[in-house]
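Student: Residue 1002 is where the sequence shown ends in the working numbering, and the numbering goes up by one at each step. Glycine residues also receive a C-beta, built at the ideal position from the N, C-alpha and C atoms. Computed from a prediction, not measured in an experiment: that's the story for all the values here.
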Amino acid sequence: MTGKFYCMVLRINIDCNGCYRKVQRALLQIRELENHLIEEKQCRVIVCGKFVPQDMAIALRKKTNRRVEILEIQELGHGEENEEGGGEHTQSLVPRWGPVPNQKQVLRM
894 MTGKFYCMVL
904 RINIDCNGCY
914 RKVQRALLQI
924 RELENHLIEE
934 KQCRVIVCGK
944 FVPQDMAIAL
954 RKKTNRRVEI
964 LEIQELGHGE
974 ENEEGGGEHT
984 QSLVPRWGPV
994 PNQKQVLRM
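(1) Note down, in chain order, each residue of its chain lying with its Cβ closer than 8 Å to the Cβ of Glu925, except the 5 sequence neighbours on either side.
(2) Can you name, in chain order, every residue of its own chain whose Cβ lies under 7 Å from the Cβ of Ile907, other than the five neighbours on each side?
(3) Can you give me the Cβ contacts of Gly979 inside the same chain, cut-off strictly under 6 Å, excluding the 5 residues immediately before and after it?
(4) Closer than 6 Å by C-beta to Val938: which residues in its own chain qualify, once you throw out the five before and the five after it? Chain order, please.
(5) Quick one: what does DSSP say Asn910 is sitting in, helix, strand or coil?
Right under this line is the structure:
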């Protein structure tokens, strides 16, 4: 295991609920992952944790028996430094919920 913390975007074909459950089960079995996000409609999976990106893609490929394509890899530095605030600060790959810039907020009752 490496000391570097990565966030990685993968493309995995998710056709049905069974495929979704298979990918989710495989992700939960991988211990190096700290968190993950499955975007079913876009067929994308975002994983974050301390791992070697190529090894993670290979492990996910073997567990799901599906083609895994790496779209983006982002190195966030050492995990210990990141928690203390001494690591690199980069933009998150995980989308945040909130209004889109230049979008008006409307409250309806």
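Tutor: This is what the structure holds:
(1) Met894, Gly942, Lys943, Phe944, Met949
(2) Tyr913, Val916, Glu933, Cys936
(3) Legend: pLDDT at Gly979 = 47, less than 50; position of this residue unreliable, value from coordinates given subsequently. There are no such residues.
(4) Leu903, Ile905, Ile931
(5) helix
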